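Beneath this line is the structure, given in structure tokens, with notes to follow.
In our numbering, the protein residues as written are 992 to 1515.
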């Protein structure tokens, strides 16, 4: 029992029973002991309520004398200046090597601070809400930027991340609305995930571009961090020059997910025969790419791989490819023609959305939309799902007045997506069904767009789903057939399949007059 009591008394000698958040105070600054043996202390606050302790210009000494002993200041403690809204500047001695978490949180009056070069660690939320800070220099010894460290620093306009940093925490620059320029060094290999869709630069509305230094293209291809950067990416070399052309070495076998995501300055990329797969979002948003040749070694193209590459005008897909993921060429609006080899047996949802002309003679499995888009029969301005041209899947023309062929029995969802039609003529005697009455005609205003239908079917169209929403439904003039030997002052001419023709041939034609009326005309 005596032995136990002795050990308890001995252990109590090492415990500081100070009920306050500080151990002592000198010249208006509060300190906590870090080690009495090493004679080191940290800067603290005056009580447990986190009420503002300091104001004005603060100068922290390198050493402080208390009780006849000299202590070295090596740390700014947790919440030391938390909520000190009237602090305008702080001078930190070179003896300080670390900042704890939330040290300057909500110091809205703080306009400048110089972090000593000896600092190697800055805790999370350290400068959270320091809206008055306009510039800050992170020392080279810092290896990690913790989460929320500069969150809501609205006054920051630029920040330089040193080459020693290897990771950036979630929401590190959240709502830094004044930030216009950021450069991420090649040493960064990890950017933390978070539950915010926009990641570490969420709310940085004036940040138009993020510079990413690429020291080694092999290392760059083997990490995936760009998915966390929602802005346009500017690849630069170590000398600050922009990288517009990339040659991937043949030591790389896979282009990983997000590798070149949003690198809109990239204009050319050479993919070697060593590459077997192109990952998800690999070239997402690379609007500067104009041409691309995929090597014959590639067997799969991931989802969203080229999503939004609006500058692409030419892509060659080899017959080694068997899988094309969903949204892979989504919104590649510059692609006017795309040949898909018959080797492709799986096509994802919306894989070729808004590509106007696709050549494909294979049989693909997958989503009905994806398969239908490429397994189509092309007929002038229209793509049909079947050879009999009964299921209309897409309008690929550029006119605003369209004539839907008489063979049409069904109009698929988004067949006219993005189109604003000014006039529609449907030659089908039975109103085609619409798989989605709301989206089938894109952005067309059914209150103003006239609809012309066969006279004998007029009443059917007026009660049919989708078609009944058109306010102005007119019969195609059918006073029998107008017989003429020649056409004088003709307007626009179509054959019975709804295709516009430049040369009017003998036989039955459709003529659209300048006043918008349409009629069947027999030319002899």
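Don't be surprised by glycine CBs; every beta carbon is placed ideally from N, CA and C. All figures in this text were calculated on a predicted structure; none of them were measured in a lab.
Among the residues of its own chain, which have a CB less than 6 Å from the CB of residue 1044, if the five just before and after it don't count? Exclusion of the five residues before and after residue 1044 leaves 1036, 1037 as the residues of its chain whose Cβ lies within less than 6 Å of its Cβ.
So what does residue 1172 bridge to, in DSSP terms? Bridge partners of residue 1172: 1149.
Coarse secondary structure for residue 1048, derived from DSSP in three states: Looking at residue 1048 - three-state DSSP - the assignment turns out to be strand.
With DSSP collapsed to three states, give me the class of residue 1373. DSSP places residue 1373 in the strand class (E or B) of the three-state scheme.
Anyone know if the C-beta pair for residue 1334 and residue 1312 falls short of 8 Å? Against a cut-off of 8 Å, the Cβ pair of residue 1312 and residue 1334 comes out as a contact.
In or out: residue 1458 buried (at least 16 other Cβ within 10 Å) or exposed? The residue in question, residue 1458, is buried, as its Cβ has 16 or more Cβ neighbours within 10 Å.
In chain order, what residues of the same chain have a beta carbon less than 6 Å from the beta carbon of residue 1407, not counting five sequence neighbours either side? Result list for residue 1407: 1386, 1432, 1433, in chain order.
Do you know offhand how far residue 1008's Cα is from residue 1015's? Since pLDDT at residue 1008 reaches only 38, below the 50 mark, its modelled position is unreliable, and no value is offered.
On the three-state DSSP scale, how would you describe residue 1212? Helix at residue 1212.
For residue 1196, count neighbouring Cβ atoms within 10 angstroms of its own Cβ and tell me buried if that reaches 16, exposed if not. Under this definition residue 1196 is an exposed residue.
DSSP state of residue 1283 mapped onto helix, strand, coil: Residue state, collapsed to three classes: strand.
Per DSSP, what kind of secondary structure is residue 1318 in: helix, strand or coil? In the structure shown, the three-state DSSP call for residue 1318 is coil.
Could you tell me how far apart the beta carbons of residue 1099 and residue 1064 are, in whole angstroms, since I believe they sit closer than 8 Å? At roughly 25 Å, the Cβ-Cβ gap does not stay under 8 Å, so residue 1099 and residue 1064 are not in contact.
Of the residues 1107, 1421, 1068, the one placed nearest residue 1117, counting alpha carbons only: Ranking 1107, 1421, 1068 by Cα distance to residue 1117 puts 1068 first.
Please decide whether residue 1375 counts as near chain D, where near means a Cβ-Cβ distance under 8 Å. Any reference to chain D falls outside this structure, which holds one protein chain only.
Alpha carbons only, please: which of 1145, 1389, 1409, 1206 is nearest the one belonging to residue 1154? Of all alpha-carbon atoms in 1145, 1389, 1409, 1206, the one lying nearest the alpha-carbon of residue 1154 is that of 1206.
Could you compute how far the alpha carbon of residue 1310 sits from the alpha carbon of residue 1337? Going from the Cα of residue 1310 to the Cα of residue 1337 covers about 13 Å.
Close beta carbons around residue 992, own chain, < 8 Å, minus the five adjacent residues each side: A caution first: residue 992 carries a pLDDT of 45, below 50, which makes its placement in the model unreliable, though a value can still be read off. For residue 992, same chain residues with a beta-carbon under 8 Å away, outside a window of 5 residues either side, do not exist.
How big is the Cα-Cα spacing for residue 1187 and residue 1372? Low confidence applies here, because residue 1187 scores a pLDDT of 45, under 50, leaving its location unreliable; read the following figure in that light. Cα atoms of residue 1187 and residue 1372: separation of roughly 42 Å, rounded to the nearest angstrom.
Reference residue 1096; option with closest CA among 1405, 1075, 1110, 1083: Out of 1405, 1075, 1110, 1083, the CA that lies nearest to the CA of residue 1096 is found in 1075.
One or two residues paired with residue 1031 in a DSSP bridge: Residue 1031 is bridged to 1026, 1063.
Whole-angstrom C-beta distance between residue 1046 and residue 1077, which should lie under 8 Å: The pair is a contact, with the Cβ atoms about 4 Å apart (cut-off 8 Å).
Might you give, ordered along the chain, the residues of its own chain that have their beta carbon closer than 6 Å to the beta carbon of residue 1414, omitting 5 neighbours on each side? Contacts found: 1392, 1441.
Taking the beta carbon of residue 1094 as the centre, do at least 16 other beta carbons fall within 10 Å, making it buried, or is it exposed? The residue is buried, with at least 16 neighbouring Cβ atoms inside 10 Å.
In chain order, what residues of the same chain have a beta carbon less than 6 Å from the beta carbon of residue 1181, not counting five sequence neighbours either side? Contacts found: 1158.
Going by DSSP, which residues form a beta bridge with residue 1226? According to DSSP, residue 1226 bridges with 1203.
Less than 8 Å between the C-beta atoms of residue 1160 and residue 1124, yes or no? Taking C-beta atoms as the reference points, residue 1160 and residue 1124 fail to come closer than 8 Å.
Need the endpoints of the beta strand (DSSP E) that residue 1016 sits in, please. For residue 1016, the enclosing beta strand (DSSP E) begins and ends at 1015-1017.
Give the range of the beta strand (DSSP E) segment to which residue 1442 is assigned. In the DSSP assignment, residue 1442 falls within the unbroken beta strand (DSSP E) covering 1442-1445.
Following the continuous alpha helix (DSSP H) through residue 1450, name the residue where it begins and the one where it ends. Per DSSP, the unbroken alpha helix (DSSP H) holding residue 1450 starts and ends at 1449-1454.
State buried or exposed for residue 1137, treating a residue as buried only when at least 16 other CB atoms are found within 10 Å of its CB. So residue 1137 ends up on the buried side.
Spatial neighbours of residue 1080 within its chain, please: C-beta separation below 6 Å, excluding the five flanking residues on both sides. Only 1048, 1103 meet the Cβ criterion.
For residue 1140, count neighbouring Cβ atoms within 10 angstroms of its own Cβ and tell me buried if that reaches 16, exposed if not. With at least 16 other beta carbons inside 10 angstroms of its own, residue 1140 counts as buried.
Which one of 1303, 1171, 1163 has the shortest CA to CA distance from residue 1325? Looking at the Cα atoms, 1303 is the closest of the given residues.
For residue 1463, which residues in the same chain have their Cβ closer than 6 Å to its Cβ, ignoring the five residues on either side in sequence? Once the five neighbours on either side are set aside, the close Cβ partners of residue 1463 are 1441.
Let me confirm a value: residue 1240 is counted as buried when at least 16 other C-beta atoms fall within 10 Å, else exposed. Which label applies? Label assigned to residue 1240: exposed.
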